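What follows is a single structure, written as structure tokens, with notes after it.
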């Protein structure tokens with residue numbers, strides 16, 4: 079049995095995540111996914127919209143994922159590879175070369191990203207939409223206030 083492992087925050091799960099996880103699952107018989115804890119994300123300077131528990135539940139619900147584990151620090155990957163008898167460590171190509179040191183434990187693969195999608199870009203888009211929406215709501219309330227003044 080060939081076992082594959084990957085890691086990530088998986089906040090705002092999107093089609094790029096799904097493509098990566100599906101491709102990784104096809105490399106073996108089982109896919110183990112390490113989801114970064116809230117505390118670990120804090121150490122990395124990240125803040126997730128969803129809690130670790132919520133993100134873990136979402137990732138666990140995917141049919142291509144066989145097991146979800148907590149990722150609490152950078153150093154645990156080598157330990158996890160031994161603990162779970164991992165054959166392949168896989169991750170997105172944006173990490174190219176960063177995990178080559180794991181080659182002494184298992185095969186390491188870097189898969190290309192889905193073009194034109196990233197969690198960072200989604201968060202930026204949402205923040206723009208949010209501020210635009212606030213402006214529209216404010217304008218609408220101003221219009222209502224003006225209308226109310228004419229009725230008095």
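In the numbering used here, the protein residues as written are 79 to 230. For every residue, glycine included, the Cβ atom is placed at its ideal position computed from N, Cα and C. Small disclaimer: the values here were computed from a predicted structure and weren't measured.
{"query": "Short check: CB of residue 111 to CB of residue 166, under 7 Å?", "result": "no"}
{"query": "Give the straight-line distance between the Cα atoms of residue 237 and residue 107, rounded to the nearest whole angstrom.", "result": "The structure shown does not extend to residue 237, since the chain is modelled only from 79 to 230, so the question has no answer here."}
{"query": "Taking DSSP's pairing of strands, which residues face residue 110 in a bridge?", "result": "83 and 145"}
{"query": "Can at least three beta-carbon pairs, one atom from the stretch 120-137 and one from the stretch 82-92, be found at a separation below 8 Å?", "result": "yes"}
{"query": "Opposite residue 136 in the DSSP bridges: which residues?", "result": "Answer is none; residue 136 lacks a bridge partner."}
{"query": "Per DSSP, which residues does residue 175 bridge with? Please list them.", "result": "None, per the DSSP bridge assignment."}
{"query": "Cutting at 8 Å between CB atoms, please list the residues of its own chain near residue 180, excluding the five before and the five after it.", "result": "155, 156, 159, 167 and 186"}
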